[in-house]
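Notes follow the structure.
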Amino acid sequence: MAQPERFSNLPEYAFPRLRKLLSGIEPGGAPVVMTIGEPRHPMPDFVAPIMAENIALFGKYPPNEGTPELLDAISGWISRRHGIEIAPDRITSLNGTREGLFNAALALCPEQKNGAQPAILIPNPFYQVYAVAAAAVGAAPVFVPAVAENGFLPDFAALDAGTLDRTAIAYICSPANPQGSIADGEYLENLIALADRHDFLVFADECYSEIYRDDPPPGALAMATRMGLADRVVMFNSLSKRSNLPGLRSGFAAGGADAIGQIRRLRSYSGAPLPLSAQAVSTAAWNDESHAVENRALYHRKYAVADRVLGHVPGYRAPDGGFFLWLQVDDGEAAARKLWREAGIQVLPGAYLSREVDGLNPGQNYIRVALVADEAETEQALECLKQTIYE
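Residue numbers (my numbering): 1 to 391.
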């Protein structure tokens, strides 16, 4: 069966590309993997007991949108964290937010916008599911550079009016993957106002929102609610990073009643509901903040390590949030090969997270480094990285 034409232009996913790049190269030391954003801090102590207590629930079909207890827990967390009240019917649980970020586009992107092919705005570099979602709905992806000159946040307002008028969805990630930049209140207010003027939705990917250096990142849905424009935003978050539970595959989407209703309707046919035992764990996790505070403190220590080890490296920029370093190099692929060959350190070339537009790939001269190991391993690896490519 022939591959649909709209998927034929998708590049190979980042990690298979990396395996090919490093194929045949013997690592120059005990392998240290700093590529994938898989947290390695301990998961909360309550996870195993709650899972065991609810093991029999694997014998029942779970509700797609989430149990009342889970939806109440998420609603309560949003209230405490963002200071807004979101009723449970404006929330749906997700089998991980990657699934939600994809399915929301299927549910909410129209076939046409103002009589033309709809556009989906995507920061560049970006989390790759955004582009796959655009391809799946037949929308035109518009890759908007998020580079040093604009604080690593896409300047959507700089797009021409014609593009904005046919835009259906704009994805924004804050703290950003991979750069760690945070969209502040003014940025979010301007983006939401732009969305209202040109009649599009903002999909706010906030999966890294609970890992930050100083002040908590503002939320797009909270900003939109205060502006009286809550229907303009769908926010996504999960327990993968906040609670060190990437394998639980537990997230949520929240937004306007109509948008969430459409997402729920699609997921009732095609979504993968979260098992009831996992929903019980998720309920406890959203109701508990102490483990998230402890987790954030571990990242603060690694931020300090990165600043100390790399602070004098030309072009180094300390991330405001998230757990990635976005390090400037002469060439990302060459740096990745050198680090693997000489030090056994595996990093991701920045170009694998970006698209070339007008002859420029904004990730070409970067590598992404994940700070997911413990403090001692992180410090040793960063010292070795610095000696290998910067000295």
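Quick reminder that beta carbons are idealized off the backbone N, C-alpha and C, glycines included.
Report the option in 272, 161, 145 and 162 whose CA atom is closest to the CA atom of residue 155. 145
Classify residue 315 as buried or exposed, calling it buried when 16 or more other Cβ atoms lie within 10 Å of its own Cβ. exposed
Go ahead and label residue 99 buried or exposed: buried means 16 or more other beta carbons lie within 10 angstroms of its beta carbon, across all protein chains shown. buried
Sorted by chain position, which residues of the same chain lie with C-beta nearer than 6 Å to residue 69's C-beta, five sequence neighbours on each side aside? 283.
Tell me which same chain residues have a C-beta within less than 6 Å of the C-beta of residue 291, skipping the five on either side of it? 44
In this structure, how does DSSP classify residue 205 when only helix, strand and coil are distinguished? strand
Using a threshold of 8 Å, state whether the C-beta atoms of residue 236 and residue 219 are closer than that. no
Considering Cα atoms alone, identify which of 117, 157, 56 and 217 is closest to residue 168. Considering only 117, 157, 56 and 217, the residue with the shortest C-alpha distance to residue 168 is 117.
Nearest-angstrom Cα separation, counted from residue 180 out to residue 297: 17 Å
Within the same chain, show all residues whose beta-carbon is closer than 6 Å to that of residue 171, passing over the 5 residues directly before and after it, in chain order. 122, 130 and 203
In the DSSP assignment, what residue or residues form a beta bridge with residue 237? 252
What's the gap between the Cα of residue 391 and the Cα of residue 216? So the alpha carbons of these two residues sit roughly 35 Å apart.
Cβ pair residue 75, residue 88 closer than 8 Å: yes
Minimum C-alpha distance to residue 403 - residue among 223, 166, 213 and 208: As displayed, the chain neither begins before 1 nor continues past 391, which places residue 403 out of reach and without an answer.
Going by DSSP in three states, residue 187 sits in which element: helix, strand or coil? helix
Closest to residue 394 by CA distance: which of 352, 267, 382 and 275 is it? Only positions 1 to 391 of the chain appear in this structure, which leaves residue 394 out of reach.
Taking contact to mean 3 or more Cβ pairs, one atom from each stretch, closer than 8 Å, check whether the stretch 14-23 and the stretch 340-349 are in contact. Touching, yes.
Restricting to Cα atoms, I'd like to know which of 355, 387 and 373 is closest to residue 141. 355
Residue from 36, 103, 229 and 351 with nearest C-alpha to residue 364: 351
Is residue 211 closer than 8 Å to residue 92 when the C-beta atoms are compared? no
Per DSSP, residue 113 forms a beta bridge with which residues? The partner list for residue 113 (beta bridge, DSSP) reads 116.
In terms of residue numbering, what span does the alpha helix (DSSP H) encompassing residue 132 cover? 129-136
For a minimum of 3 consecutive residues, which ranges assigned as the beta strand (DSSP E) are wholly contained in the stretch 350-385? Runs found: 366-370.
Can you tell me where the alpha helix (DSSP H) holding residue 262 begins and where it ends? Boundaries of the alpha helix (DSSP H) around residue 262: 257-270.
Within the same chain, show all residues whose beta-carbon is closer than 7 Å to that of residue 232, passing over the 5 residues directly before and after it, in chain order. 192, 195, 196, 201, 202 and 224
Would you give the residue range spanned by the beta strand (DSSP E) that residue 328 belongs to? 324-328
Which of the three DSSP states, helix, strand or coil, is assigned to residue 146? coil
Could you name the residues of the same chain whose beta carbon sits closer than 6 Å to that of residue 185, not counting the 5 residues immediately before and after it, in chain order? Contacts found: 218.
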